[in-house]
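Visitor: Sequences listed follow chains A and B, in order.
Under this note's numbering, the residues of the first sequence are numbered 1 to 189, in order.
Under this note's numbering, the residues of the second sequence are numbered 190 to 381, in order.
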Amino acid sequence: MLRNTRESWGGVAKTLHWSAAALVFAMLGLGLTMVHGDLGAGAKFEAYQLHKSTGFLVLAVMLMRGLWRIANSPPAPLAGTRPGERRLALALHRGFYVLIAAMIGSGWLMVSASPLPLPAHLPGGFVVPNLTGPNALLEARTKLIHEVVSKLLIAAIGLHVAAALKHHFADKDTVLLRMLPFHHDDRRP
Amino acid sequence: MRKGKSFRPASLALALIAATVAAQARPSWKIDPSQTHVRFWIDAIGWPRTAGEFKSFDGRIDIDFDRPSRSRVDFEVAAKSVDVNSATLDDYLRSEVFLNVAKFPSMGFVSTSVEKRDEQHARVTGDLTMLGVTRPISLDVEVARKLAATNQRVGFKATGVINRLDFGMNSGYPLISDAIHLTVSTEASAEP
């Protein structure tokens with residue numbers, strides 16, 4: 001049950017999906033809080049460092065997801081799905097990869113280009129190398145990209161959740177169920 | 190010859206005794222570490238004010254109320270004892286980006302002149318050494334004498350602003366202000 005079947009997602013894909021979901025959700029919450037929240041200097045600094053380190057955890061999970069997606073075909077679309085709906089779903093799913101990659105890339109560049117050198121620290125004492133030297137203009141631009149893409153990502157998550165709920169409650173199909181943990185749907189369409 | 194030789198050490202001893210007596214005429218002052226705080230704050234654009242203190246310090250104070258200009262003070266602060274209420278930020282401040290404590294473990298202030306303004310105020314000028322660079326700075330000092338029957342205590346609150354660029358601490362400027370605001374409060378007691 002670790003691998004995907006024609007009908008449902010396997011354990012590996014589900015674990016990666018929900019890990020990424022939890023991480024992205026936490027990162028958006030942390031990001032908004034650390035930028036707009038009323039924090040003291042120390043707490044704000046710690047929130048930024050946690051956000052930077054966790055960003056690289058998101059990168060690791062997304063790389064694993066991408067590799068697993070290549071290695072293990074996703075389940076077939078449900079019978080009866082309209083072609084337009086299929087294309088829309090595919091575009092949104094690919095859009096997630098693009099948006100999250102843009103978040104990671106702009107975040108990493110922003111940290112690298114910052115005039116104040118402060119690279120991300122990972123567990124085990126590993127320090128993430130900078131992609132570029134200090135560059136205030138690049139930092140300002142990547143910061144703007146990071147902010148705009150975060151809003152697009154929130155919108156995409158809204159669409160994704162709305163679509164999953166629509167499939168479950170309006171269409172009454174198994175699109176949501178087959179991604180839920182511990183759900184084994186062996187019914188043939 | 191013998192008399193002459195023995196005379197010199199004797200006069201030296203007399204001079205030493207005289208000096209000691211003169212020094213004892215003024216009380217010697219002890220800084221109370223529990224009442225001493227070396228605090229600072231610095232502002233930055235888009236960032237809350239960073240305020241903290243140095244927990245480890247050593248200071249000597251010599252007060253002459255009759256002739257205030259003869260008073261003097263020197264303070265030494267352990268750079269690594271910086272505390273801004275965040276272990277992560279403390280470590281960052283200790284790094285070579287700011288305090289560079291591995292290379293410059295201590296910061297110090299030695300007064301060069303004390304000017305009495307009124308009964309409660311003085312202006313203390315002296316040399317501040319930070320990151321191995323020594324520059325003159327001036328501090329406004331509030332003096333509060335607390336006279337008691339058994340001992341007398343004096344509270345001091347010294348405030349001043351230093352320009353960190355003068356000491357070669359350029360990181361983050363101009364987003365992080367060049368002005369570091371200092372407040373050193375201490376209490377010293379006289380030992381009669």
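For every residue, glycine included, the Cβ atom is placed at its ideal position computed from N, Cα and C.
Since the structure is predicted, the reported quantities are computational estimates derived from the model, not experimental observations.
Give the range of the beta strand (DSSP E) segment to which residue 296 of chain B is assigned.
Guide: First-last of the beta strand (DSSP E) with residue 296 of chain B: 295–305.
Visitor: Between residue 342 of chain B and chain A, is the shortest Cβ-Cβ distance under 8 Å, so that the two count as touching?
Guide: No, residue 342 of chain B does not count as interfacial toward chain A.
Visitor: Do you know whose CA, among A/113, A/172 and A/157, lies nearest residue 133 of chain A's CA?
Guide: Checking every option, the nearest Cα to that of residue 133 of chain A belongs to A/113.
Visitor: Just to make sure I have the definition right: I need the residues of chain A whose C-beta is within less than 7 Å of the C-beta of residue 273 of chain B. Which are they?
Guide: The answer, in chain order, is 41 and 42.
Visitor: Leaving out the 5 sequence neighbours to the left and right, which residues in its chain are closer than 6 Å to residue 58 of chain A when beta-carbon positions are compared?
Guide: Cβ within range, chain order: 23.
Visitor: Going by the CB atoms, is the gap between residue 279 of chain B and residue 271 of chain B shorter than 8 Å?
Guide: For residue 271 of chain B and residue 279 of chain B, yes; Cβs fall inside 8 Å.
Visitor: Rank B/284, B/229, B/300 and B/252 by C-alpha distance to the C-alpha of residue 294 of chain B and give the top, closest one.
Guide: Residue B/284 is the option with its Cα nearest to residue 294 of chain B.
Visitor: Could you pull out every residue in the same chain whose Cβ sits closer than 7 Å to the Cβ of residue 367 of chain B, ignoring the five residues on either side in sequence?
Guide: Excluding residues within five positions, the ones whose Cβ falls inside 7 Å are 352, 353 and 354.
Visitor: Beta-carbon of residue 238 of chain B versus every beta-carbon of chain A: anything under 8 Å?
Guide: Closer than 8 Å to some Cβ of chain A, the Cβ of residue 238 of chain B qualifies, so yes.
Visitor: Determine the chain B residues that contact residue 56 of chain A at a beta-carbon separation under 7 Å, and present them in chain order.
Guide: Those within 7 Å of residue 56 of chain A in chain B number zero; the least Cβ separation is about 17 Å.
Visitor: Strictly under 8 Å for the Cβ-Cβ distance: is residue 361 of chain B near chain A by that measure?
Guide: At least one chain A Cβ lies under 8 Å of residue 361 of chain B.
Visitor: Using CA coordinates, which residue listed in B/239, B/246 and B/219 is at the minimum distance from residue 373 of chain B?
Guide: It is B/246 whose Cα lies nearest to the Cα of residue 373 of chain B.
Visitor: In angstroms, rounded to a whole number, what distance separates the CA positions of residue 214 of chain B and residue 325 of chain B?
Guide: Bear in mind that the predicted position of residue 214 of chain B carries a pLDDT of just 49, short of 50, making it too unreliable to give a figure here.
Visitor: Under the three-state reduction of DSSP, which class applies to residue 346 of chain B: helix, strand or coil?
Guide: Residue state, collapsed to three classes: strand.
Visitor: Secondary structure at residue 366 of chain B, three-state DSSP: helix, strand or coil?
Guide: Residue 366 of chain B: coil per DSSP, three-state reduction.
Visitor: Taking only three categories from DSSP, how would you classify residue 252 of chain B?
Guide: Note: residue 252 of chain B maps to coil in three-state DSSP.
Visitor: How is the alpha helix (DSSP H) around residue 223 of chain B delimited, first residue to last?
Guide: Careful: residue 223 of chain B lies outside any alpha helix (DSSP H) and carries neither H nor E.
Visitor: Is the stretch 41–56 of chain A close to the stretch 25–32 of chain A, with three or more CB pairs under 8 Å?
Guide: Counting Cβ pairs under 8 Å, three or more are found: they touch.
Visitor: Would you say residue 118 of chain A reaches chain B, if we count a Cβ-Cβ gap shorter than 8 Å as a contact?
Guide: Yes, residue 118 of chain A counts as interfacial toward chain B.
Visitor: First and last residue of the alpha helix (DSSP H) that includes residue 160 of chain A?
Guide: It spans 136–165 - the alpha helix (DSSP H) in which residue 160 of chain A sits, taken as one unbroken run.
Visitor: Give me the DSSP bridge partner(s) of residue 40 of chain A.
Guide: DSSP output for residue 40 of chain A lists no bridge partner at all.
Visitor: On a Cα-Cα basis, can you pick out the residue from A/80, A/121 and A/150 that is closest to residue 104 of chain A?
Guide: Checked all of A/80, A/121 and A/150; the closest Cα to residue 104 of chain A is A/150.
Visitor: Report the three-state DSSP secondary structure of residue 234 of chain B (helix, strand or coil).
Guide: Of the three classes helix, strand and coil, the one that applies to residue 234 of chain B here is coil, per DSSP.
Visitor: Give the DSSP-derived three-state secondary structure of residue 384 of chain B in the structure shown.
Guide: No answer is possible for residue 384 of chain B: it lies beyond the span of chain B, which begins at 190 and ends at 381.
Visitor: Report yes or no: is there a C-beta of chain B within less than 8 Å of the C-beta of residue 46 of chain A?
Guide: Judged by the 8 Å Cβ criterion, residue 46 of chain A is in contact with chain B.
Visitor: Under three-state DSSP, which class holds residue 264 of chain B?
Guide: Here residue 264 of chain B sits in strand by DSSP.
Visitor: Assign residue 332 of chain B to buried or exposed, taking buried as 16 or more other Cβ atoms, counted over all protein chains shown, within 10 Å of its Cβ.
Guide: Classification for residue 332 of chain B: buried.
Visitor: Could you have a look at residue 272 of chain B and say whether DSSP puts it in helix, strand or coil?
Guide: Of the three classes helix, strand and coil, the one that applies to residue 272 of chain B here is strand, per DSSP.
Visitor: Which chain B residues sit within Cβ distance under 8 Å of residue 129 of chain A?
Guide: Ordered by position in chain B, no residue passes the 8 Å Cβ test against residue 129 of chain A, which lies about 17 Å from the chain.
Visitor: Taking the C-alpha atoms as reference points, what is the distance between residue 212 of chain B and residue 314 of chain B?
Guide: Since pLDDT at residue 212 of chain B reaches only 47, below the 50 mark, its modelled position is unreliable, and no value is offered.
Visitor: Following the continuous alpha helix (DSSP H) through residue 111 of chain A, name the residue where it begins and the one where it ends.
Guide: Looking at the DSSP string, the run of the alpha helix (DSSP H) that includes residue 111 of chain A is 83–113.
Visitor: Say whether chain B places a C-beta atom closer than 8 Å to the C-beta of residue 115 of chain A.
Guide: It does: the Cβ of residue 115 of chain A has a partner Cβ on chain B nearer than 8 Å.
Visitor: Could you tell me whether the Cβ of residue 286 of chain B comes closer than 8 Å to any Cβ of chain A?
Guide: Yes, its Cβ sits closer than 8 Å to a Cβ of chain A.
Visitor: By DSSP, does residue 277 of chain B sit in helix, in strand, or in coil?
Guide: Helix, per DSSP.
Visitor: Looking only at DSSP bridge pairs, what is residue 316 of chain B linked to?
Guide: Per DSSP, B/299 and B/325.
Visitor: So, with DSSP's three-state summary, where would you put residue 68 of chain A?
Guide: The answer is helix: DSSP assigns residue 68 of chain A an H, G or I state.
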